[in-house]
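Step one of this worksheet: look at the structure below.
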Amino acid sequence: MLEIHKNIVLDENQQPIAVQIPIAEFEKIEEILEDYGLAKLIEQSENEERLSKEEALKYYNSLKGNYVEN
437 MLEIHKNIVL
447 DENQQPIAVQ
457 IPIAEFEKIE
467 EILEDYGLAK
477 LIEQSENEER
487 LSKEEALKYY
497 NSLKGNYVEN
């Protein structure tokens, strides 16, 4: 399991308001979520129309460009 090193940010009343994590761990979490989402999308679309490899790659790259820095 992914170990997350977190720092809790408190307000002036010592109430937690945010969490800081190292960027490398954040990027790993993003990758895991993206992979999970892609797997779920594939699972849901098993009975739907299939895309060619080229169409799928083009679509994936369009998503990646909108949500993930290249």
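Residue numbers for the sequence shown follow our numbering, beginning at 437 and rising by one. Beta carbons are placed, not taken as given, at the ideal position from N, Cα and C, and that holds for glycine.
- In the DSSP assignment, I444 falls within the unbroken beta strand (DSSP E) covering 443-446.
- For a cut-off of 8 Å, the C-beta gap from I444 to V455 is around 6 Å, short enough to register as a contact.
- I457 sits close to K442, with the two beta carbons spaced by under 8 Å.
- Look at the segment 442-486 and you find these whole runs of beta strand (DSSP E), each 3 residues long or longer: 443-446, 452-456.
- Secondary structure at L499: helix, using DSSP grouped into helix, strand and coil.
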